[in-house]
Each structure stands twice: as C-alpha cells, then as structure tokens.
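J.:
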Amino acid sequence: MRSTLTHYTNPRVNTNSWQDLVATLVAIRNKRGYSQEELAHRIGCAASLIHKWEQYKRVPSGFMFVCWLDALEAQIEIKETRG
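Have a look at this one:
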C-alpha cells in the first residue's frame with residue numbers, strides 16, 4: 580500500500596488533474612446546451628448527483644464516469660507518462 584501512495588507524492592503528478600477533467604466535462608455539457616437535469620436524465624441518475632460531481636463533493640464510480648462521458652458524447656485519451 581505504501582508504494583502506491585508514493586506515486587501521488589511525485590512532483591510531476593498534476594494534483595489538479597481531476598478538477599481539470601471535471602471542468603472540461605462541465606464545459607462540454609454547457610457547449611452541448613445540456614442542463615444538469617438533462618444530463619442526469621441521459622445518464623439515468625439524479626440531477627443532485629451531477630451537481631455533486633461538478634462541485635467535487637462526490638466522485639463517480641468508474642461505470643458512472645463512463646456513463647458521464649457517453650452522455651456527453653465525449654471520450655478521454657490515456658497516455659503513458661513514463662519512458
């Protein structure tokens with residue numbers, strides 16, 4: 580467990596990456612003209628949950644995160660950061 584936590588102390592890790600990702604998803608939602616209620620309907624969850632995600636009060640499960648991306652017709656790209 581300790582070696583896993585060591586990764587997060589690496590100064591090259593962007594500690595704001597989750598906030599940046601959520602901000603990007605909010606910007607996409609706004610660009611598409613979806614309200615939080617409409618996005619919630621597209622995902623199949625409560626609008627209050629969308630609000631909590633967007634305010635960094637809750638973190639979606641992996642499945643719900645993928646649903647969030649699908650509902651926005653968005654995708655993420657994962658790049659290797661080491662050699």
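Just so you know, we're using my numbering here: the sequence shown kicks off at 580 and counts up by one.
Yeah, the Cβ is synthetic: ideal placement off N, Cα and C, and Gly gets one too.
If you're wondering where the values come from, they're calculated on a predicted model, not measured in any experiment.
#1: Compute the Euclidean distance between the alpha carbons of R611 and A653, then round it to the nearest angstrom.
#2: Helix, strand or coil: which one does DSSP assign to T660?
#3: Should L628 and R637 be called a contact, given that it needs their Cβ atoms to be closer than 8 angstroms?
#4: Given that a residue counts as buried once 16 or more other Cβ atoms are within 10 Å of its Cβ, and exposed if not, what is R661?
#5: Between which two residues does the alpha helix (DSSP H) holding L604 run?
#6: Whole angstroms is fine: what's the gap from L618's alpha carbon to E659's?
T.: According to the data block:
#1: 11 angstroms
#2: coil
#3: yes
#4: exposed
#5: S596 to R611
#6: 31 angstroms
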